[in-house]
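Enquirer: If you scroll down you'll find the structure; I have some questions about it.
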RNA sequence: GGCGCCGUACCCAAGUGGCUAAGGGAAGGGUCUGCAAAACCCUCAUUCAGCGGUUCGAAUCCGCUCGGCGCCUCCA
């Protein structure tokens with residue numbers, strides 16, 4: 001069950017081909033590092049995939065990378081390269097790149113790195129817009145042939161008047177009304193209707209350009225997703241996802257193009273992830289509350305799993321106010337899973353005799369977590385059930401071998417569903433801590449000696465010293481371990 | 001002007017007609033510990049922004065008021 005943005009109601013997601021989900025999720029434009037708001041949206045897609053897989057479905061999951069810098073749709077076509085990527089190239093961070101292509105590659109690679117750090121499943125296909133130029137040109141030609149598009153001196157435009165359903169997703173049916181409200185709309189006199197949108201822009205000065213039947217230029221923003229989605233998933237998708245801002249115009253335009261082309265529904269269901277706010281305000285660089293994944297993970301030593309936990313802790317359909325406190329809360333929760341992993345690993349090798357006292361309870365909790373995810377991805381409840389499971393595991397003084405097997409199964413299944421127990425990819429889990437491990441070991445040895453000699457003042461002194469450096473000690477009968485605490 | 005969301009304990013937050021209003025964090029008490037930390041156990045909303053209404057019954061439905069927020073051709 002998912003909340004479908006098109007019908008504005010809860011609808012059951014039923015794949016056209018039983019047990020095989022065809023899913024497209026709009027990816028980022030790679031002109032900068034992706035921020036945590038971007039990732040809330042991609043995390044939603046990830047959870048859809050994981051939930052479908054938990055059901056035993058096969059999932060064809062396509063998530064694109066937009067590596068073409070698009071102009072504002074209504075800007076004049078002579079925009080002198082003033083698109084997002086060109087602007088990024090001219091910015092301070094962009095100076096190190098030789099050209100826009102290098103810039104796009106760099107940020108695309110960084111994006112995939114962050115993606116894996118946050119434990120997102122790799123899509124079946126991660127197509128790039130620049131690698132599907134021919135298909136885009138062909139699609140535009142077809143739209144012209146079918147009378148849904150026309151050429152002007154500045155480009156090729158989709159004729160909105162030719163598609164009666166335009167506005168069915170966003171509710172923006174009254175174009176005059178829309179025009180009245182929108183400020184700063186630059187009119188292009190060559191367009192037949194203000195709402196017509198570009199399929200192809202003629203521009204011989206653009207930093208990225210391709211040759212087409214209409215001369216040199218570049219494709220409109222919306223056409224790439226239509227083309228790539230249909231190329232890999234067929235004419236009708238089961239589900240299409242994206243951020244709430246994409247509902248209009250991007251997805252509205254995708255529908256118009258795709259359905260004009262095929263005469264078939266473009267997607268059965270649509271879901272849109274609400275925007276993330278930070279410290280009560282919209283994220284903005286000027287407000288100082290703008291965070292990329294690497295800002296938090298590298299700059300603040302945040303555990304990537306904790307960040308993932310925090311970002312999925314509120315269901316995708318609700319507004320979410322991200323704060324540093326939320327991240328700290330998430331850290332202690334993620335720590336619980338880690339403790340369980342250690343405890344279970346130890347119990348597995350100990351193979352103590354005894355009954356499986358916790359198996360049925362854990363299985364029930366997993367079922368409840370899955371049921372919550374099936375209910376419009378209710379991550380709050382799913383996470384609560386997962387946490388209750390850790391309590392069940394941790395409250396046992398000693399896990400029997402049978403209990404350990406059950407606990408392991410629970411952790412594996414929870415991790416497959418929510419991705420919060422352990423890292424799944426080979427990507428570096430976190431940055432190598434900038435600490436001198438040998439020195440810490442030496443101090444721990446000294447402290448152990450001090451403790452043995454009842455010199456507790458010295459022992460506590462060492463503990464305080466390390467604590468000041470963000471290193472937390474834990475004494476146990478087996479000895480002392482240490483770990484680096486995040487500084488968020 | 002159009003479309004839409006939210007207001008639940010100190011904080012985050014689930015619950016959308018009916019058993020004791022999930023879960024986490026913080027806080028307080030206890031077990032453990034040389035002392036801590038971590039872990040575990042216990043405590044922590046007669047009440048769901050306010051006011052009316054519908055109903056045998058509402059945090060949940062309807063209306064109004066107050067407060068906060070998002071999207072509307074750059075944006076996840």
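In the numbering used here, the protein residues as written are 1 to 488. Cβ atoms here follow ideal geometry from the backbone N, Cα and C, with glycine treated the same way.
So, for residue 109: in the same chain, excluding its five sequence neighbours on each side, which residues have a beta-carbon less than 6 Å away from its beta-carbon?
Expert: none
Enquirer: Per DSSP, what are the beta-bridge partners of residue 273 in this structure?
Expert: 243
Enquirer: Short of 8 Å in beta carbon distance, which residues of its chain neighbour residue 144, apart from the five on each side in sequence? Order them along the chain.
Expert: 150, 151 and 156
Enquirer: Whole-angstrom Cβ separation of residue 469 and residue 483, contact assumed at under 8 Å?
Expert: That belief does not hold up - the Cβ atoms of residue 469 and residue 483 are roughly 12 Å apart, past 8 Å.
Enquirer: For residue 344, which residues of its own chain have a beta-carbon under 8 Å away from its beta-carbon, when the five flanking residues on both sides are left out?
Expert: 393, 399, 404, 407, 408 and 411
Enquirer: Curious, which full-length beta strand (DSSP E) runs of at least 3 residues does the region 210-262 contain?
Expert: 210-212, 215-219 and 237-243
Enquirer: Assuming residue 327 and residue 302 make a contact with CB atoms under 8 Å, what is their CB distance in whole Å?
Expert: 6 Å
Enquirer: If residue 106 and residue 291 are in contact, beta carbons under 8 Å, what's the gap, nearest whole angstrom?
Expert: With 8 Å as the limit, residue 106 and residue 291 do not qualify as a contact, their Cβ atoms being about 20 Å apart.
Enquirer: For the structure I just gave you, are there three or more beta carbon pairs, one from the region 119-126 and one from the region 46-59, closer than 8 Å?
Expert: Segments in contact, yes.
Enquirer: Are residue 42 and residue 101 closer than 8 Å when you measure CB to CB?
Expert: no
Enquirer: Mind checking who residue 468 pairs with in its DSSP beta bridge?
Expert: According to DSSP, residue 468 bridges with nothing at all.
Enquirer: Whole angstroms are fine: how far does the CA of residue 341 sit from the CA of residue 481?
Expert: 16 Å
Enquirer: In chain order, which continuous runs of the alpha helix (DSSP H) of length 4 or greater are located wholly inside the region 385-449?
Expert: 401-418
Enquirer: Helix, strand or coil for residue 42 per DSSP?
Expert: helix
Enquirer: What residue does the beta strand (DSSP E) around residue 141 start on, and which one ends it?
Expert: Counting along the chain, residue 141 falls outside any beta strand (DSSP E), though it belongs to the alpha helix (DSSP H) covering 133-145.
Enquirer: Only counting runs of 4 or more residues, tell me where the alpha helix (DSSP H) segments fall wholly within the region 301-347, in order along the chain.
Expert: Entirely contained in the region 301-347, the alpha helix (DSSP H) runs reaching 4 residues are, in chain order, 304-312.
Enquirer: Which whole runs of the beta strand (DSSP E) in the region 21-65 are 3 residues long or more, in chain order?
Expert: DSSP runs (the beta strand (DSSP E)) wholly in the region 21-65: 58-63.
Enquirer: So if DSSP puts residue 282 in a beta bridge, which residue, or which two residues, is it bridged to?
Expert: 277
Enquirer: Assuming residue 312 and residue 366 are in contact, meaning their beta carbons sit under 8 Å apart, how far apart are those beta carbons, in whole angstroms?
Expert: About 17 Å; that fails the 8 Å criterion.
Enquirer: Can you say whether residue 284 is buried or exposed, counting buried as having 16 or more other CB atoms within 10 angstroms of its CB?
Expert: exposed
Enquirer: By alpha-carbon positions, which one of 59, 69, 298 and 253 ends up nearest to residue 18?
Expert: 59
Enquirer: Can residue 238 and residue 383 be called in contact, C-beta distance under 8 Å?
Expert: no
Enquirer: Where do the N-terminal and C-terminal ends of the alpha helix (DSSP H) with residue 84 fall, by residue?
Expert: 84-90
Enquirer: Counting pairs of beta carbons, one from the region 163-170 and one from the region 250-260, are three or more of them closer than 8 Å?
Expert: yes
Enquirer: Taking DSSP as the reference, what is the three-state secondary structure of residue 204?
Expert: coil
Enquirer: Which residues in the same chain as residue 184 place their Cβ atom closer than 6 Å to its Cβ, once the five residues preceding and following it in sequence are excluded?
Expert: Only weak support exists for where residue 184 lies, its pLDDT of 42 falling under 50; the coordinates are left without a value.
Enquirer: Grab the span of the alpha helix (DSSP H) containing residue 526 for me, first residue to last.
Expert: Outside the displayed span of the chain (1 to 488) sits residue 526, for which this structure offers no information.
Enquirer: Using a Cβ-Cβ cut-off of 7 Å (strictly less than) and excluding sequence neighbours within five positions of residue 438, which residues of its own chain qualify?
Expert: none
Enquirer: Alpha carbon to alpha carbon, what distance is there between residue 195 and residue 186?
Expert: With a pLDDT of only 45 at residue 186, under the threshold of 50, the placement of this residue in the model should not be trusted, and no figure is reported.
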